[in-house]
Amino acid sequence: MPVPRPNKRRLPAATMTAVLLLAGACSEDADAPTPSAVGPATVTTSIVEARPTLADEGIPDWVGDVVNLHDLADGTCFNQYSWVQNDRHVEIDTRVPCEGPHQHEVYLRTDHPARAGAPWPGDREMEAYARAECYGAFAAFVGKIYELSELELGYLTPSRADFEHEEARFRGIHCYLMVEDGAEMVGSARDSRR
1171 MPVPRPNKRR
1181 LPAATMTAVL
1191 LLAGACSEDA
1201 DAPTPSAVGP
1211 ATVTTSIVEA
1221 RPTLADEGIP
1231 DWVGDVVNLH
1241 DLADGTCFNQ
1251 YSWVQNDRHV
1261 EIDTRVPCEG
1271 PHQHEVYLRT
1281 DHPARAGAPW
1291 PGDREMEAYA
1301 RAECYGAFAA
1311 FVGKIYELSE
1321 LELGYLTPSR
1331 ADFEHEEARF
1341 RGIHCYLMVE
1351 DGAEMVGSAR
1361 DSRR
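The sequence shown begins at 1171 in the numbering used here and counts up one residue at a time.
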């Protein structure tokens, strides 16, 4: 999950126009009859659930061995591929050598410090912990602080089911690097000062 950089969001002009028109339509009209003079209003609501149809995409030619990202160690590079097939979104991750072209590089693998048997700390706490750990290790790995780097950081956190599983408790957090525009990297980013 990439750490967002601060940015401002603006409403498109068309949205702003629609909001202004709606506000004007909802304003009181002094000449309009009051509800008691017209009689009770009848409102009919119909909810239609529409399922979007996704266009099939070709399966990409992927490089590397398909892998579970939770199994990756520090210094491992990987690619992510996704496509739509039979109205389903499909994603796979592959382990690739860092010497060749790759999309991501794991630079830290750590564990959440919760004690055994602890309850799930919640999505916000898990993401806050992962973000802090990944940010803290970024400069030491790359050789440049995050704010001045052309690289982005992302992280992988355990799910609640993995965290609370009776026998296979998983607390692993993976921090990884990527290029901001999604371009591929060649070689490790360690001490690259990128």
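Backbone N, C-alpha and C define an ideal beta-carbon position, used for all residues, glycine too.
Everything numeric in this text was worked out from a predicted model, so none of it was measured.
Delimiting residues of the beta strand (DSSP E) encompassing residue i
i: Cys-1304; result: Here Cys-1304 belongs to no beta strand (DSSP E); instead the alpha helix (DSSP H) covers 1293-1312.
i: Arg-1265; result: 1258-1266
i: Arg-1279; result: 1274-1281
i: Tyr-1316; result: No beta strand (DSSP E) contains Tyr-1316, which DSSP labels as neither H nor E.
i: Ile-1343; result: 1342-1349
i: Trp-1290; result: Looking at the DSSP string, Trp-1290 is not in any beta strand (DSSP E), and its letter there is neither H nor E.
i: Val-1233; result: Run containing Val-1233: none; DSSP gives neither H nor E here.
i: Asn-1249; result: 1247-1255
Residue j beta carbon less than 8 Å from that of residue i
i: Gln-1255; j: Ile-1229; result: yes
i: Arg-1360; j: Ser-1319; result: no
i: Ala-1307; j: Tyr-1346; result: no
i: Ala-1284; j: Arg-1341; result: yes
i: Cys-1304; j: Leu-1323; result: yes
i: Gly-1270; j: Val-1356; result: yes
Inter-residue CB distance, residue i and residue j (contact presumed, cutoff 8 Å)
i: Val-1260; j: Phe-1248; result: That belief does not hold up - the Cβ atoms of Val-1260 and Phe-1248 are roughly 17 Å apart, past 8 Å.
i: Trp-1290; j: Arg-1330; result: 5 Å
i: Ala-1300; j: Thr-1327; result: 5 Å
i: Gly-1245; j: Arg-1265; result: About 11 Å; that fails the 8 Å criterion.
Span of the alpha helix (DSSP H) around residue i
i: Phe-1333; result: 1330-1334
### Query
Can you find at least 3 beta carbon pairs, one from the region 1269-1284 and one from the region 1339-1358, that sit closer than 8 Å?
yes
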